[in-house]
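Undergrad:
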Amino acid sequence: MSLSFQDLILTLHRYWGDQGCLILQPYDMEMGAGTFHPATVLRALGPEPWKAAYVQPCRRPTDGRYGENPNRLGAYYQYQVVLKPSPANLQDLYLGSLAAIGIDPLKHDIRFVEDDWESPTLGAWGLGWEVWCDGMEVTQFTYFQQVGGFECRPVTGELTYGLERLAMYIQGVDNVFDLRFNDEGVTYGDIFLENEVEMSTYNFEVADTDTLFDQFRKSAAECERCLEAKLPIPAYEQAIRASHVFNTLQARGVISVAERQAYIGRVRDLAKAACGSWMDVKGYSA
Amino acid sequence: MADFLLELLSEEIPARMQPKARNDLARLFAEGVSAAGLETGAIATHSTPRRLVLIARDVADTTQASREEIKGPRTSAPPQALEGFLRKTGLAREQLEERGDTLFAVIERPGRTAAEVISETVQRIVADFPWPKSMRWGTGSLRWVRPLQGIVATLGEDIVPITIDTIQSGATTVGHRFHHPGPITIGGAHDYAEKLRACHVIVDQEERERMIRLNAQAVAADAGLNLLDDEGLVVENAGLTEWPEPLLGRFDPDFLDVPREVIVLTMRTNQKYFACLDADANLAPAFVCVANISASDGGAAIVEGNRRVLAARLADARFFWEQDLKVPLEEQAKKLDGIIFHEQLGTIADKVERIAKLARWLVESGVIEADADQVHRAARLAKADLVSGMVGEFPELQGVIGGYLADAQGEPKTVANAIRDQYSVPSQPVSVAVALADRLDTICAFFAIDQKPTGSKDPFALRRAAIGSLEIIVRNGLRLGLTETVRGGLANVAGQLEESEATHRLNRTAPEILDFFADRLKVQQRDAGVRHDLIDAVFSLGGEDDVVRLLARVAALQAFTDTQEGADLLTAYKRAANILKKEKWEASGNVGGSDLAPGEAKLIAALDTAEPSALAAVEREDFSAAMASLASLRQPIDAFFDHVTVNDPDAAKRERRLNLLTRFRDAVNSVADFSKIEG
């Protein structure tokens, strides 16, 4: 039998643990992608080697579909691996992880298809690929060039697996809610369908926009206070919070196209400042 | 002589960057070795997703040795002169030769080995390769499109030593990533392609393209279908594979409810699949994907995987399509007042308002013969699909989606077509009105707020809008005064501008827009192969803002100047104009007299006939006839120059003859400004 959702995670943990990665836990804040975890963003800065792998729950309010779409979710899981400096055999290590979860590259068509990665809210970009398995994107593979507006030296290699998609692929399932979560009959839908329905309703219809606007302003202000106090980690947390509040405001449809850029710019400024502060505090800036 | 092989092995190079990379590599290598004086035969380059390959045939063993003598200062020259010479030649005093009282530098350059020259050249090429985007990796500082993994460099059977960053050249590469991941030793340029072929790598992109073209068609034909040709996809898939194997898959026919363009676009853009047609050229529920392996199960798992990915994408597309169908375009259009077109120019709803007004005016003023109410309706609905889910997903289908929705929601065909064709150059009258009004409004609006294109900057694509407008006008033979039309467009904008300052400058704006159109028209005509001096000759008449008439005049002028008569008349014209210029003669006036020479009388008579007939021909826009009238002047003007002396000692004769030349010149100029014509 193919891997259950939880065994998929456990297999990846075992594999990357064997490659010398720290197996970390998710960051306990709402965020749009595993990249936002300080174990990626902050650790990609500066000269010190770093190897880590973790699962990160991600929230994308605008992608919620009330549990009615078989492929789209407002909350899902990413498996994130970061290796600094990026090793010369990173592609082989990655392909090894696919073999570990049961994907035979002589039966399945594995491809590295150009995809330049950019996170406007993190002031970060890199080059790499989306990895296709039989036409499906299963992983984002990136060599970071800049984070928080700073050049990455050495370069961090980042692998981001979309766990639900990968599991659907491995299990041969067409609807995410039908995924076997374990081998004892519990499905992904049993656990998360209600969350999707309620969170979609909340994000699209209920969330109080005045409160959200207020939270955005307060997070931004708090971030700046932390920066003044030379506390990059809490400053960065406030930037993440502002980013998530902004995402929710977008789902509520109250941010115009013109304003959108201004909000993204504001979050970017906060994230960059936090990264700069981290560089200072860690003594990387000199 | 030996053949040189270079393989730069890297992680996957984006498919779209490969063609330019091949050209750049060939060019830089040829330039590099030739600058060093190394001769080679033919240079060919190839690429796969992981390799950039160059093969240079018949490389000379060494560069030519050379000897150069440079004459220096005299032995008695001051020390500064000597120092300068030594600096220039890089020699020491004792290396110079004394010949008599003059110093000479003799510089011997021994021949260098090919390996030496090639090694240097390749290192330089890799260090400065013009990738559109490059990156660093690991701890290194080398930049390449993706991490560079290895270099094969052989000359004949020998390795050319090249060191780049931490990479040493050798004769070892790898085969196909999955079929043959182990090392392969290459003998040289002679066995490279065949050794790799044996390891599941087709080195030459054109061969892979042929394989894809043929085999994709073959798998479709096996299923009784035809491939929807797409050369771009052939090239892209060849850039994504080292061992291309097209496979046919099928999707649920229920998805065929979704507009065909959406299905084809989803397959092409997102998945790089070819679409298939049935015997009646309808879209078939099938696709051809190109795998990069010979799968152990014959491709069943790959087809199944791709089918599921496509099903998910099409399900998404169908969801949006069904949602969009439920909302009448008229309702969607109301949401446009929430989307900013430009902060100074209001919302899209404001723009729609202006388009509708201008489109209606184009009909009511008789420029376009169409049903004004349909035009108005089409304009009102034209931008409604911008808020549809479908266009949100596939922005490149703006208009197309609106057209489908309008049709499905029972709008008249003409209205649906106008929505569909608004971004192209349409020919149905309702469509023409909307498409033209949209572009003219964009131009007027941005000029009104002083956002004109400058130099290479044209952020609102106004040049494209102008070219589009001109194409619509010309192809449909629309007779409109641009001045009046532009003023109408500006007035619409002015009604919406709050700033009084901005409205004030509108009067200045109309001529700016006309100049802008004139420039675009010139560029467009030049690109179409019309001589620029002829364009200038017609443009400099001024006052012409009817594009169709203006181009008819250019065409007639071109035809005329191609004839012998035209060329002769031009010669005579230039002669007359030169005389007048030399004499600084600006007056015109009496040409008659009781003692007219026969040459004068004949020219006057010819002008008396030609002038009114040319003018009348211009009036009725028969420019060929106008040219023919001018042609009738050729013989009399030639005779005049042959037999009549302009600079007659008799001042009265001289004056009236200069006046006559002025009259001739002006008559010709009334049809086109011949002074602008070269030749």
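Sequence order for the protein chains is A and B.
Heads up: the first sequence begins at 0 in numbering that gives the first Met the number 0, then just goes up one per residue.
Heads up: the second sequence begins at 0 in numbering that gives the first Met the number 0, then just goes up one per residue.
Think of the CB as a built atom: it goes at the ideal place given N, C-alpha and C, for glycine as much as any other residue.
This one's a predicted model, so the numbers in the text were calculated from it and none came from an experiment.
1. Rounding to the nearest angstrom, what Cα-Cα distance links Ala666(B) and Glu610(B) in this structure?
2. Once you ignore the five residues that flank Ala43(A) on each side, which residues in its own chain have a CB closer than 6 Å to its CB?
3. Is there contact between the segment 78-89 of chain A and the segment 48-67 of chain A, where contact requires at least three CB pairs shorter than 8 Å?
4. Taking the C-alpha atoms as reference points, what is the distance between Ile232(A) and Val40(A)?
5. Count the other CB atoms, across all protein chains shown, that sit within 10 Å of the CB of Thr508(B); report buried if there are 16 or more and exposed otherwise.
6. Would you say Phe318(B) lies against chain A (beta-carbon separation less than 9 Å)?
7. Pair every Cβ in the segment 177-186 of chain B with every Cβ in the segment 204-220 of chain B, then say whether three or more of these pairs are closer than 8 Å.
8. State whether the segment 360-368 of chain B contacts the segment 446-455 of chain B, with contact taken as three or more CB pairs (one from each stretch) at a distance under 8 Å.
9. Quick one: using the 10 Å Cβ neighbour count with 16 as the cut-off for buried, is Gly231(B) buried or exposed?
10. Roughly how many angstroms separate the alpha carbons of Glu183(A) and Val172(A), rounded to a whole number?
11. Name the chain A residues that come within less than 7 Å of Pro13(B), Cβ to Cβ?
12. Does the beta-carbon of Pro160(B) have 16 or more other beta-carbons within 10 angstroms, so that it is buried, or is it exposed?
13. In whole angstroms, give me the CA-to-CA distance for Pro327(B) and Asp229(B).
14. Should Met135(A) be flagged as near chain B, meaning a C-beta pair shorter than 9 Å?
15. For Ala348(B), which residues from the same chain have a beta carbon less than 6 Å from its beta carbon, with the 5 sequence-adjacent residues on both sides left out?
16. What residue ranges within the segment 23-92 of chain B form continuous alpha helix (DSSP H) runs of no fewer than 4 residues, ordered along the chain?
17. Using only CA atoms, which one of Tyr75(A), Asp114(A), Tyr14(A) lies nearest to Gly101(A)?
18. For Ile124(B), which residues from the same chain have a beta carbon less than 6 Å from its beta carbon, with the 5 sequence-adjacent residues on both sides left out?
19. Taking the alpha carbon of Ile22(A) as the reference point, which residue from Leu165(A), Gly31(A), His12(A), Phe191(A) has its own alpha carbon closest?
20. With distances taken Cα to Cα, identify the nearest neighbour of Arg474(B) among Ala464(B), Thr484(B), Ser426(B), Asp672(B).
21. Quick one: what's got a C-beta closer than 6 Å to Asp133(A)'s C-beta in the same chain, skipping five residues either side?
22. Based on Cα-Cα distance, which residue from Ser293(B), Ile292(B), Ala274(B), Ala290(B) lies nearest to Ala284(B)?
23. Mind checking who His341(B) pairs with in its DSSP beta bridge?
24. When we look at the beta-carbon of Asn88(A) and count the other beta-carbons within 10 Å, is it buried (16 or more) or exposed?
25. Per DSSP, what kind of secondary structure is Leu120(A) in: helix, strand or coil?
26. Applying the 10 Å Cβ sphere with the 16-neighbour rule, what's the burial state of Asn236(B)?
27. Hey, quick one: how far does the beta strand (DSSP E) through Ser9(B) stretch, first residue to last?
28. Does the separation of the CB atoms of Glu223(A) and Ala272(A) fall below 9 Å?
29. Taking the continuous alpha helix (DSSP H) assigned at Phe212(A), which residues delimit it?
30. Keeping to the same chain, check which residues put their C-beta closer than 8 Å to that of Val130(A); ignore five residues upstream and five downstream.
31. Would you mind sorting Leu9(A) into buried or exposed? The rule is 16 or more other CB atoms within 10 Å of its CB.
32. Would Lys350(B) be called buried (16 or more neighbouring beta carbons within 10 Å of its own) or exposed?
33. Rounded to whole angstroms, what's the CA-CA distance from Phe673(B) to Glu329(B)? Just pull it up for me.
34. So which residues of chain A does Val308(B) contact, with C-beta pairs closer than 8 Å?
35. Output the distance between the C-alpha atoms of Gln331(B) and Asp315(B), rounded to the nearest integer angstrom.
36. Within 9 Å of any Cβ in chain A, is that where the Cβ of Ser46(B) sits?
TA: Taking the structure as given:
1. 6 Å
2. Phe143, Val146, Cys151, Thr155
3. yes
4. 11 Å
5. buried
6. For Phe318(B), the nearest beta carbon of chain A is closer than 9 Å to its own beta carbon.
7. Per the Cβ contact rule, the segment 177-186 of chain B is not in contact with the segment 204-220 of chain B (fewer than 3 Cβ pairs under 8 Å).
8. The segment 360-368 of chain B vs the segment 446-455 of chain B: no contact.
9. exposed
10. Glu183(A) and Val172(A): Cα-Cα distance of roughly 17 Å.
11. Glu113
12. exposed
13. 34 Å
14. yes
15. Within the same chain, and ignoring the five residues on either side of Ala348(B) in sequence, the residues whose Cβ sits closer than 6 Å to its Cβ are Leu335, Asp336.
16. List check, alpha helix (DSSP H) in window: 78-88.
17. Each of Tyr75(A), Asp114(A), Tyr14(A) was checked against the Cα of Gly101(A), and the nearest Cα belongs to Tyr14(A).
18. Leu27
19. Just measuring C-alpha positions, the residue of Leu165(A), Gly31(A), His12(A), Phe191(A) sitting nearest Ile22(A) is His12(A).
20. Ser426(B)
21. His107, Asp108
22. Here the sequence assigns Pro to residue 284(B), which means Ala is not the residue at that position. The candidate whose alpha carbon is nearest that of Pro284(B) is Ala274(B).
23. Gly345(B)
24. exposed
25. For clarity, residue 120(A) is Thr in the given sequence; the question names Leu instead. Of the three classes helix, strand and coil, the one that applies to Thr120(A) here is coil, per DSSP.
26. buried
27. 1-9
28. yes
29. 208-227
30. When the five nearest sequence neighbours on each side are left out, the beta carbons in the same chain lying within less than 8 Å of the beta carbon of Val130(A) are those of Tyr93, Ile109, Arg110, Phe111, Val112, Glu136, Val137, Thr138, Gln139, Phe140, in order along the chain.
31. exposed
32. With at least 16 other beta carbons inside 10 angstroms of its own, Lys350(B) counts as buried.
33. 55 Å
34. Asp133, Gly134, Met135
35. 20 Å
36. Contact of Ser46(B) with chain A is not assigned, every C-beta pair being separated by 9 Å or more.
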